[in-house]
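Sequential numbering of the sequence shown, starting at 1, is according to my numbering.
Cβ atoms here follow ideal geometry from the backbone N, Cα and C, with glycine treated the same way.
Remember, predicted model here, so these are calculated numbers, not experimental data.
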Amino acid sequence: MSGHDKPQALALQALLSRYSVGPRHLVEPGPSEDELSLMVQAALRAPDHGELLPWRFKIVRGAARQRMADLFAAAARAAGKDEAGAQLDAERALRPPVTVAVLARIDLGHPQVPAHEQWAAVGGALAQFLAAAHLLGYGGKMLSGAKVRDAQIAAAFSEPGETLLGWIALGTPTRRAQGPSRKGGVDAAMTIWG
Ligand SMILES: Cc1cc2nc3c(=O)[nH]c(=O)nc-3n(C[C@H](O)[C@H](O)[C@H](O)COP(=O)(O)O)c2cc1C
């Protein structure tokens, strides 16, 4: 077996093909509870200084999507959107088979782990979760927007001390996401120091 055929190399190739897939391109079936549990296990493997677990995921599926859609529509109206805009926001909640709210719990007074390290752990968990979804054959996209700061929405998803980062839309992708080398590629992201 050559180096490039090793299971690890194949897994890496699969990871390099991950792109975000938005709600418009996600259909049933969404991930099962066991598959969601695997995604969370992958998130738990992200680096986390002090093992503070500064994040939580909340799964929205089935009938709960309608409640989320109502909240999204109400937030849109409160933000001054017209009825068409409110329906568009409701649709964003209803369309993905599964939505996962991402919550951060940052301990601002922690003696060893500053807030930026805890936020890094949140990002790591999010990336691992999305990578696992991709490896299981699902598409997903992290979304936020002004509605994360809507008081009713924040209260519905988060406990005191938590920040609602946004939602991961998840489902079966209707198209294979791909793209050119973005963000300037490796040259923009890596330089040799010294
Ligand atoms: C915390 C967070 C919030 C985001 N919110 C939005 C959003 O509201 N709308 C959006 O189009 N992309 C948002 N993105 C970016 C997309 O999730 C995605 O990363 C981006 O479209 C690049 O696609 P890629 O994952 O294929 O590189 C957000 C990303 C993060 C990490």
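Burial state of residue i (16 or more Cβ within 10 Å)
i, result
"W55", "buried"
"K147", "buried"
"D48", "buried"
"R92", "buried"
"M68", "buried"
"D187", "exposed"
"D5", "exposed"
Neighbourhood of residue i by C-beta, 6 Å cutoff - its chain only, sequence neighbours within 5 removed
i, result
"I106", "P54, A115 and Q118"
"R77", "A86"
"A101", "K58, F157 and W167"
"A43", "A125, Q128 and F129"
"L165", "V102 and A104"
"A90", "A69, F72 and A73"
"Q66", "none"
"A154", "L164"
Cβ neighbours of residue i in the same chain (closer than 7 Å, five flanking residues each side left out)
i, result
"W193", "none"
"M152", "Sequence check: residue 152 is Gln here, not Met. Correct list, in chain order: L71, A74 and A75."
Candidates the options: closest to residue i by CA position
i, options, result
"A63", "R95, H4, G185 and K183", "R95"
"Q112", "A90, L52, K141 and A101", "L52"
"A120", "Q13, G50 and L12", "G50"
"A131", "E159, D5 and E35", "E35"
"L38", "L135, L143, Y19 and M190", "L135"
"R45", "L165, V122 and G184", "V122"
"T174", "V21, Q13, G184 and K6", "V21"
"E162", "L170, T191, F129 and L108", "L108"
"E33", "A155, P160, A9 and L170", "L170"
"L143", "H110, D150, T99 and T191", "T99"
For residue i, the residue or residues it bridges with in DSSP
i, result
"P173", "L26"
"V60", "T99"
"M39", "Per DSSP, none; premise fails for M39."
"K141", "A169"
"T163", "A104"
"W55", "A104"
Between the CA atoms of residue j and residue i - distance to the nearest angstrom
i, j, result
"L126", "S17", "17 Å"
"D82", "R24", "21 Å"
"A14", "G184", "21 Å"
"G80", "K141", "26 Å"
"Q41", "A133", "11 Å"
"R61", "L88", "19 Å"
"T191", "A9", "24 Å"
"D150", "P160", "15 Å"
"A189", "L12", "18 Å"
Neighbourhood of residue i by C-beta, 8 Å cutoff - its chain only, sequence neighbours within 5 removed
i, result
"T172", "L26, V27, E28, P29, G30, P97, G137, Y138 and G139"
"Y19", "A177, Q178 and G179"
"P7", "none"
"G145", "G166"
"H110", "G50, L52 and Q118"
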